[in-house]
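Only one structure is covered here, and it is reproduced in the block below.
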Amino acid sequence: MFRVGDKIVHPMHGAGVIDSIVQKKVNGVVREYYILKLPVGGMLVMIPTENSEEIGVRPVIPGEEADRIIAAMPGIEVDMTPNWNRRYRENMLRLKSGDLLEVARVVKGLMLRDEERGLSTGERKMLHSAKQILISEIVLSQNASYEDVEARINTALA
């Protein structure tokens, strides 16, 4: 169970801070929800407390771990199938895993593909989303600015 003020990560929305814990009635059932405030765009996400673990909600990684992930990015092996459908599904599974290194793999793979051949609209949206997830967690784990983290990632991938 997390508390108000905890920094947590939702696999598909990225990192944020628990703003409050509320009870809401949804479809006739009263449940408790974490209200997660995301720093990027100020979006609020409601996460049911009872199955947050199943969804993949977890605490933000420590700052040293974030440094290790950025340092590992240049060496990440990317093998992307030429089949668009399979590639999209594989990348979606990587994002849903909640593993920041897998998210970095998606970012790197799609950035390389964009340079070589360009991306479809769906993959462009996925790249944007994956970058947001990656950057938001590192920003919170290291109390850094969004721009600083984005620049460090772009340098690591250059």
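195 is the number that this note's numbering gives to position 110 of the sequence shown; each next residue is one higher, with no gaps.
Even glycine gets a Cβ: it sits at the ideal position worked out from N, Cα and C.
Bear in mind the structure is a predicted one, so any value in this text is a computation, not a measurement.
So for residue i, helix, strand or coil by DSSP?
i	result
G101	strand
E117	strand
R202	coil
P159	helix
M131	strand
R171	helix
R88	coil
V191	helix
I245	No answer is possible for residue 245: the residues shown for the chain start at 86 and end at 243.
V125	coil
I218	helix
I154	helix
I146	coil
Residue i to residue j, Cα distance in whole Å?
i	j	result
M86	R202	45 Å
M196	A243	10 Å
I224	V125	Sequence inspection shows Val at residue 224; the Ile mentioned does not correspond to that position. Cα to Cα, the separation comes out at about 10 Å.
L219	V115	33 Å
S137	V94	10 Å
E222	S230	11 Å
I155	A241	7 Å
I161	R172	17 Å
E200	K193	11 Å
G127	G99	12 Å
A236	V89	30 Å
V111	S214	27 Å
D104	P167	42 Å
Can you tell me the Cβ-Cβ gap for residue i and residue j, rounded? I've got them flagged as a contact below 8 Å.
i	j	result
D91	P144	7 Å
N176	V191	5 Å
V245	K122	With the chain represented from 86 up to 243, any question about residue 245 goes unanswered, as that position is not in the structure.
A140	L129	Ala is not the amino acid found at residue 140; the sequence shown has Ile there. With a Cβ gap of about 16 Å, I140 and L129 do not count as contacting.
S226	G148	5 Å
Please work out which residues of its chain come closer than 8 Å, Cβ to Cβ, to residue i, disregarding the five sequence neighbours upstream and downstream, and give them in chain order.
i	result
R179	E187, V188, R190 and V191
Y118	I106, V107, Q108, K109, M131, I132, P133 and T134
For residue i, which residues of its own chain have a beta-carbon under 7 Å away from its beta-carbon, when the five flanking residues on both sides are left out?
i	result
L204	L195, R198 and L212
G183	V94, P96, G141 and R143
In its own chain, which residues sit with a C-beta less than 6 Å from the C-beta of residue i, not counting the 5 before and 5 after it?
i	result
K181	P96
Sort the options by Cα distance to residue i and report the nearest one.
i	options	result
G207	V89, G183, R88 and W169	W169
I146	R209, N228 and D233	N228
Could you check whether the Cβ of residue i sits closer than 9 Å to any Cβ belonging to chain C?
i	result
M86	Absent from the structure is chain C; it holds one protein chain and no more.
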